[in-house]
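Each remark here refers to the structure printed beneath this line.
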Amino acid sequence: MTAAPTVAESVRESVFDCVGDTPIVALRRLFPDPDVEVVAKLELLNPGGSMKDRTARHIVESGLSEGSIAAGSRLIESSSGNFGIALAMAARVHGLAFTCVVDPKITSANLAILRNLHAQVEFVSQPDETGGYLLSRIRRVQQLLAEDQRAVWINQYANDRNWQAHYHGTGAELAAQLTRAPDYLFAPVSTTGSILGCARRLRERFPALRVVAVDAVGSVIFGGAPGPRDLPGIGASRVPELCSPEEIDEVIHVDDVEAALGCRRLLAAEGIFAGGSTGSAVAAIAKAMPGLPRPCRVVAIFPDRGDRYLDLVYDDNWLAAATRRRGTV
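Everything in the sequence shown is counted per full-length UniProt numbering, starting at 1 for the first residue and increasing by one.
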C-alpha cells in the first residue's frame with residue numbers, strides 16, 4: 001500500500017505571524033474611467049485592522065532581537081488609536097507592559113480595544129500650543145519615561161524602523177504583486193513612515209513612480225496651516241523627524257467631511273468597510289482624477305478598517321455637524 005503523502009500543517013505561532021501578505025484589489029466600480037486603473041493595497045486586512053501592525057511588529061521584534069527592548073520592559077507611545085492597538089497586541093504576544101498616551105479625540109472603540117488588551121491608558125486633556133494634543137501627549141510620554149526605568153519610548157515619528165517596516169513589508173509586497181508599473185502611489189500620511197518605506201522600495205523597481213501624499217486639512221506636515229481635525233490616524237500637528245519632503249511629488253489635503261464621504265462612497269461602490277485614512281485616499285484620488293494623464297495606473301494604500309469609525313464617519317449626526325463646522329471656517 002502506498003503511504004499517503006505528508007501534508008505540512010500551516011499553523012502560525014502568534015497573531016503577529018499573520019501580519020502582511022495583504023491583497024491588492026481593483027476599484028473599477030468606484031473609479032470606472034477605462035483609461036485610469038485604480039488598485040488598492042488592503043492593509044485594513046491585517047489582524048489588528050491597520051497597517052500599523054507592520055510597524056509595531058518590526059519595531060518591537062527588532063528591538064527585542066538586538067536588545068534595545070529588554071524582557072519585562074514597559075513600552076510607551078503616544079497614539080491616536082491604530083498604532084496603540086498594534087503595540088498592545090505586541091505587548092500581549094511578547095509579555096511586555098504597555099502604556100498608551102491618548103487624548104479626548106480617541107474613538108470609544110479604540111479606547112475599549114486598548115483596555116481589553118490590558119494596556120495602561122494615560123489621558124491628556126489639555127490642548128497644546130497648536131490647539132491639538134500631540135505635543136501635550138509627547139510631554140506626558142517624557143514624564144512617564146522619567147518615572148519608570150523599564151520604560152522604552154517607541155517614538156514612531158522619529159524611529160527609522162517605522163519606514164523600514166514598510167520598505168521590507170508593504171513596499172516589498174507591492175513590488176512583487178505588481179507586474180505592470182504604477183504611475184502614481186497615493187498614500188495617507190501621519191508619521192510619513194509608511195509612504196516613505198513604500199515609495200523607496202517601489203522606486204527601486206519603478207523609478208518613474210510619482211508619489212502623492214494624502215494629508216489632512218489642518219495638518220502641518222507639509223507646511224499647511226494648523227487647524228482642527230477630528231479624524232485620528234491622518235495628519236499631524238508637528239513635522240515628523242522622519243519626514244522627507246523631497247521624496248514626495250505632490251500633496252493633496254482632504255478635510256474630515258471629504259474623508260467621510262470617501263469612506264461612504266467606497267462602501268457603497270465596492271463593499272469595502274474602511275476607516276478615515278482610507279476615505280481620505282479615496283477623496284484625494286477623486287480630486288486628482290480630472291488632471292491625471294490618460295492612460296495611467298494608480299496604486300493606493302488603504303491603511304485602516306471602518307469598525308472603529310462608526311461614531312465618526314459612518315454617523316449621520318457627526319457628519320452633519322462636521323459639515324456645519326466646515327461651513328463656518
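Here a beta-carbon is modelled for each residue, glycine too, at the ideal position from N, C-alpha and C.
Cβ of residue i within 7 Å of Cβ of residue j?
i	j	result
glutamate 43	phenylalanine 302	yes
valine 257	arginine 326	yes
serine 277	glycine 306	no
arginine 139	serine 78	no
tryptophan 153	isoleucine 85	no
leucine 242	threonine 192	yes
alanine 259	valine 214	no
arginine 297	glutamate 37	yes
alanine 300	alanine 281	yes
leucine 145	arginine 238	no
valine 217	isoleucine 248	no
serine 209	alanine 175	According to the sequence provided, residue 209 is leucine. The question's serine does not apply to it. No.
glutamate 122	threonine 99	yes
glutamine 177	isoleucine 24	yes
valine 141	valine 101	yes
tyrosine 167	arginine 200	yes
Answer with buried or exposed for residue i, where buried requires no fewer than 16 other C-beta atoms within 10 angstroms of its C-beta.
i	result
serine 68	exposed
alanine 236	buried
asparagine 162	buried
alanine 321	exposed
asparagine 116	exposed
glutamate 173	buried
threonine 179	exposed
isoleucine 119	The identity of residue 119 in the sequence shown is alanine, whereas the question assumes isoleucine. So alanine 119 counts as buried.
glycine 197	buried
aspartate 230	buried
valine 7	exposed
proline 245	exposed
In this structure, what does DSSP give as the bridge partners for residue i?
i	result
tryptophan 163	In DSSP, tryptophan 163 forms no bridge with anything.
glutamate 250	Val212
alanine 26	Val39
leucine 185	Val211 and Val299
glutamine 120	Thr99
Counting along the chain, where does the alpha helix (DSSP H) carrying residue i start and finish?
i	result
threonine 192	Run containing threonine 192: none; DSSP gives neither H nor E here.
leucine 145	134-147
glutamine 177	170-177
threonine 55	52-66
alanine 283	276-288
valine 257	256-270
I'd like the list of long-range same chain contacts for residue i, defined as Cβ closer than 6 Å, with 5 residues on each side in sequence excluded.
i	result
alanine 165	Arg54, Thr55 and His58
methionine 89	Gly48
aspartate 183	Cys296 and Arg297
glutamate 250	Val212
alanine 97	Arg74
Could you give the first and the last residue of the continuous beta strand (DSSP E) run that contains residue i?
i	result
phenylalanine 83	Note, phenylalanine 83: premise wrong, no beta strand (DSSP E); alpha helix (DSSP H) at 82-94.
glutamate 77	74-78
arginine 297	296-302
threonine 99	97-102
alanine 151	151-153
Apart from the five residues just before and just after residue i, which ones in its own chain have a Cβ nearer than 7 Å to its Cβ?
i	result
glycine 81	Ile106, Thr107, Asn110, Pro232, Gly233 and Arg308
asparagine 159	Ile59
valine 19	Asn46, Pro47, Asp53, Arg54 and Arg57
Could you pull out every residue in the same chain whose Cβ sits closer than 8 Å to the Cβ of residue i, ignoring the five residues on either side in sequence?
i	result
methionine 289	Phe31, Asp33 and Val36
serine 127	This sequence places proline at residue 127; serine is not what is there. Closer than 8 Å at the Cβ level, and outside the excluded window around proline 127, lie Tyr133 and Ser136.
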